[in-house]
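Participant: Can you read through this structure? Questions will come right after.
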């Protein structure tokens, strides 16, 4: 490689590395704002913003879903297996919403510590399998669903 | 090896090689598309959680992979053009942009269609979706830059620098679901410890991914041939080629 090519090669490497480092530093500085949602533990530790809307993510605790038969009001508890947050929501839930499901809700915490959601989204995990396999795993008592779930930080 | 590379760095030899390879890539892509789509619809079982809707994975995931892979090819070819000033790499880089933009658009559109029934929303501004949207803008910016500069050499150089700067976005897209809490779920295939997708669902996905790759190879060669002919239109071999085609 002649010197001129070598210089160009280093220029290219320099551009890619330079932009990479700059972006890396910027992303680290913005880390907080890039979180799409907070976990119940983060909320308990006071990391979530208190004065504005934010999102919470977690798993719906089994047996915690209470529906009001009169209207669309529903309340349930979200967990990240360490801490819980009660959520109240008035609206239509996504099809994937169920007990044990990972969900993300947008809203704010009221003075009683209840999260008043104005939007509930279902977060599905990265596992894909036929129903028979899922059933077999369940029968075998394998915790297949949320072991590696990214919903749990 | 070096000799081989320098030979095919010449526009004429590259053109002739591309001409020979295109039908092979094209036809194998067509066959694999047929096999992959059959597998996607009939061989793969429905998902335990998402039912039949999960089948959009067979378009969504290969498009998303290709959107990143094509970008790396484009940036790599651009860098080679900057360093070695090879006209062929400029032609390849230029040819990649519209294809990559299409794959990115397809990934975003199918993801949106998938998001509505599963998550309950068409779009969210989480790190994965946003970084993929930035990738689309990078491609569109590259295309705009190419058409804004008349001189091909200058356009190729400017485009290559833009493409190289944008390379930083590729790891961000890939790791966004690991670094941050996102609505988009984590990686399924590249997670090595435990298989997260049933083998009967995985096989059609890999076939589709291979089909997408071969389709891209065929398309990029066709486009690069057109770029080369336009670039070299004053050279002797292109004029002979045209005369041959006309007389046949």
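Residue numbers (the numbering used here), protein chains in the order written: chain A, 10 to 162; chain B, 1061 to 1308. Heads up, the beta-carbon is just placed ideally off N, CA and C, and yes, glycines get one too. From a predicted model like this one, the values you see are computed outputs, not experimental measurements.
Looking at residue 1149 of chain B: is its Cβ nearer than 8 Å to the Cβ of residue 1137 of chain B?
Facilitator: Within the second chain, the letter at position 89 stands for residue 1149 of chain B. Within the second chain, the letter at position 77 stands for residue 1137 of chain B. Yes. Within cutoff.
Participant: In chain order, what residues of the same chain have a beta carbon less than 8 Å from the beta carbon of residue 1172 of chain B, not counting five sequence neighbours either side?
Facilitator: Taking the first residue of the second chain as 1, we reach residue 1172 of chain B at position 112. Result list for residue 1172 of chain B: 1182 and 1183, in chain order.
Participant: Name, in chain order, the residues that DSSP records as bridge partners for residue 1145 of chain B.
Facilitator: Numbered from its first residue, the second chain carries residue 1145 of chain B at position 85. None; residue 1145 of chain B has no bridge partner.
Participant: Determine contact between the segment 103-110 of chain A and the segment 1069-1080 of chain B, defined as no fewer than three beta-carbon pairs at a distance below 8 Å.
Facilitator: Touching, no.
Participant: Does chain A have any CB closer than 8 Å to the CB of residue 1043 of chain B?
Facilitator: Examination of residue 1043 of chain B is not possible in this model, given that chain B is present from 1061 through 1308 alone.
Participant: One question on the structure: do residue 1089 of chain B and residue 1271 of chain B come within less than 8 Å of each other, judged by their Cβ atoms?
Facilitator: As a position in the second chain, residue 1089 of chain B is number 29, starting the count at 1. As a position in the second chain, residue 1271 of chain B is number 211, starting the count at 1. For residue 1089 of chain B and residue 1271 of chain B, yes; Cβs fall inside 8 Å.
Participant: What span of residues does the beta strand (DSSP E) with residue 55 of chain A cover, start to end?
Facilitator: Here residue 55 of chain A is taken as the residue at index 46 of the first chain, counted from 1. It is not in any beta strand (DSSP E) - residue 55 of chain A carries neither H nor E in the DSSP assignment.
Participant: Taking the alpha carbon of residue 163 of chain A as the reference point, which residue from B:1072, B:1082, B:1142 and B:1125 has its own alpha carbon closest?
Facilitator: The first residue shown for chain A is 10 and the last is 162, placing residue 163 of chain A beyond what the model contains.
Participant: Could you please give the first and the last residue of the uninterrupted alpha helix (DSSP H) stretch that includes residue 1219 of chain B?
Facilitator: By 1-based counting over the second chain, the position of residue 1219 of chain B is 159. Here the alpha helix (DSSP H) through residue 1219 of chain B covers 1212-1226.
Participant: Our contact map puts residue 1264 of chain B next to residue 1104 of chain B with C-beta atoms below 8 Å; I'd like the distance itself, whole angstroms only.
Facilitator: Residue mapping note: residue 1264 of chain B aligns to position 204 of the second chain, counting from 1. Residue mapping note: residue 1104 of chain B aligns to position 44 of the second chain, counting from 1. Between residue 1104 of chain B and residue 1264 of chain B the Cβ distance is about 5 Å, and since that is below 8 Å, they are a contact.
Participant: Classify residue 63 of chain A: buried if its beta carbon has 16 or more other beta carbons within 10 angstroms, exposed otherwise.
Facilitator: Position 54 of the first chain, counted from the first residue, corresponds to residue 63 of chain A. It counts as buried.
Participant: Please list, in chain order, all residues of the same chain as residue 83 of chain A whose beta carbon is under 6 Å from its beta carbon, the five residues on each side excluded.
Facilitator: Within the first chain, residue 83 of chain A is the residue found at index 74, counting from 1. Cβ neighbours of residue 83 of chain A beyond the five flanking positions: 76 and 98.
Participant: From which residue to which residue does the beta strand (DSSP E) around residue 93 of chain A run?
Facilitator: If you number the first chain from 1, residue 93 of chain A lands on position 84. First-last of the beta strand (DSSP E) with residue 93 of chain A: 93-99.
Participant: Classify residue 1299 of chain B: buried if its beta carbon has 16 or more other beta carbons within 10 angstroms, exposed otherwise.
Facilitator: Here residue 1299 of chain B refers to the residue found at position 239 of the second chain. Its Cβ having fewer than 16 others within 10 Å, residue 1299 of chain B is exposed.
Participant: Spell out whether any CB of chain B is found under 8 Å from the CB atom of residue 119 of chain A.
Facilitator: Indexing the first chain from 1 puts residue 119 of chain A at position 110. It does not; no Cβ of chain B falls within 8 Å.
Participant: Residues of chain B with a CB under 8 Å from the CB of residue 12 of chain A: which are they?
Facilitator: Translated into the one-based positions of the first chain, residue 12 of chain A becomes position 3. Near residue 12 of chain A there are no residues of chain B at all, since even the closest Cβ is about 12 Å away, more than 8 Å.
Participant: Any contact of the segment 1144-1159 of chain B with the segment 1184-1193 of chain B, i.e. 3+ C-beta pairs under 8 Å?
Facilitator: At 8 Å Cβ cutoff, the stretches do not touch.
Participant: Taking C-alpha atoms, which residue in B:1261, B:1226, B:1130 and B:1236 lies nearest to residue 25 of chain A?
Facilitator: As a position in the first chain, residue 25 of chain A is number 16, starting the count at 1. Nearest of B:1261, B:1226, B:1130 and B:1236 to residue 25 of chain A, Cα basis: B:1226.
Participant: Please go through the same chain and pick out, in chain order, the residues whose beta-carbon is closer than 7 Å to the beta-carbon of residue 1199 of chain B, but skip the five residues on each side of it.
Facilitator: Indexing the second chain from 1 puts residue 1199 of chain B at position 139. Closer than 7 Å at Cβ, skipping near neighbours: 1157, 1160, 1161 and 1164.
Participant: In chain order, which continuous runs of the alpha helix (DSSP H) of length 4 or greater are located wholly inside the segment 1064-1123 of chain B?
Facilitator: Here the runs fully enclosed are 1071-1098.
Participant: Who pairs with residue 87 of chain A in a beta bridge, going by DSSP?
Facilitator: For the purposes of this step, residue 87 of chain A is taken as the residue at position 78 of the first chain. Per DSSP, A:69 and A:94.
Participant: Could you give the C-beta distance for residue 1288 of chain B and residue 1071 of chain B, rounded to a whole number, given that I count them as a contact under 8 Å?
Facilitator: Reading the second chain from its first residue, position 228 is the one you call residue 1288 of chain B. Reading the second chain from its first residue, position 11 is the one you call residue 1071 of chain B. Confirmed, Cβ separation roughly 5 Å.
Participant: Sorted by chain position, which residues of the same chain lie with C-beta nearer than 7 Å to residue 1125 of chain B's C-beta, five sequence neighbours on each side aside?
Facilitator: By one-based count along the second chain, residue 1125 of chain B stands at place 65. Same-chain partners within the cutoff: 1269.
Participant: When burial is assigned at 16 or more other CB atoms within 10 Å of the CB, is residue 1294 of chain B buried or exposed?
Facilitator: For the purposes of this step, residue 1294 of chain B is taken as the residue at position 234 of the second chain. Result: exposed.
Participant: Quick test of your reading: residue 112 of chain A and residue 129 of chain A, contact by CB under 8 Å. State the CB separation rounded to the nearest angstrom.
Facilitator: One-based indexing of the first chain puts residue 112 of chain A at position 103. One-based indexing of the first chain puts residue 129 of chain A at position 120. Confirmed, about 6 Å.
Participant: Would you mind telling me which residues of chain B sit closer than 8 Å to residue 132 of chain A, beta carbon to beta carbon, in chain order?
Facilitator: The residue labelled residue 132 of chain A in the question sits at position 123 within the first chain. Per Cβ cutoff of 8 Å: 1179, 1243 and 1245.
Participant: Quick check on residue 64 of chain A: does DSSP put it in helix, strand or coil?
Facilitator: Numbered from 1 along the first chain, position 55 holds the residue referred to as residue 64 of chain A. Residue 64 of chain A falls in the strand class under three-state DSSP.
Participant: Going along chain A in order, which residues have a C-beta closer than 8 Å to the C-beta of residue 1182 of chain B?
Facilitator: Taking the first residue of the second chain as 1, we reach residue 1182 of chain B at position 122. Under the 8 Å cutoff, chain A gives no residues; its nearest Cβ is about 11 Å from residue 1182 of chain B.
Participant: Taking all protein chains shown into account, do 16 or more other C-beta atoms lie within 10 angstroms of the C-beta of residue 1213 of chain B, making it buried, or fewer, making it exposed?
Facilitator: Residue numbering aside, residue 1213 of chain B sits at position 153 when the second chain is read from its first letter. Exposed, by the Cβ-count rule.
Participant: Any chance the segment 79-95 of chain A sits against the segment 134-152 of chain A, with 3 or more Cβ pairs inside 8 Å?
Facilitator: Taking 8 Å as the limit for Cβ pairs, the verdict is that the segment 134-152 of chain A does not touch the segment 79-95 of chain A.
Participant: Name, please, each residue of chain A whose Cβ falls closer than 9 Å to the Cβ of residue 1126 of chain B.
Facilitator: To locate residue 1126 of chain B, count along the second chain from 1; it is residue 66. Within 9 Å Cβ-Cβ: nothing; residue 1126 of chain B doesn't reach chain A, min ~20 Å.
Participant: With which residues is residue 132 of chain A paired in a DSSP beta bridge?
Facilitator: Against the first chain, residue 132 of chain A aligns to sequence position 123. Partner(s): A:111.
Participant: Any C-beta of chain B within less than 7 Å: which residues of the segment 16-39 of chain A qualify?
Facilitator: Going along the segment 16-39 of chain A in chain order, one finds 17, 18, 21, 24, 25, 28, 29 and 32 with a Cβ nearer than 7 Å to chain B.
Participant: Comparing the C-beta of residue 1120 of chain B with each C-beta of chain A, is any distance below 8 Å?
Facilitator: For this step, residue 1120 of chain B is matched to residue 60 along the second chain. Not one chain A Cβ lies under 8 Å of residue 1120 of chain B.
Participant: With DSSP run on the structure shown, which of helix, strand or coil describes residue 1300 of chain B?
Facilitator: Taking the second chain and counting its residues from 1, the one referred to as residue 1300 of chain B is at position 240. Here residue 1300 of chain B sits in helix by DSSP.
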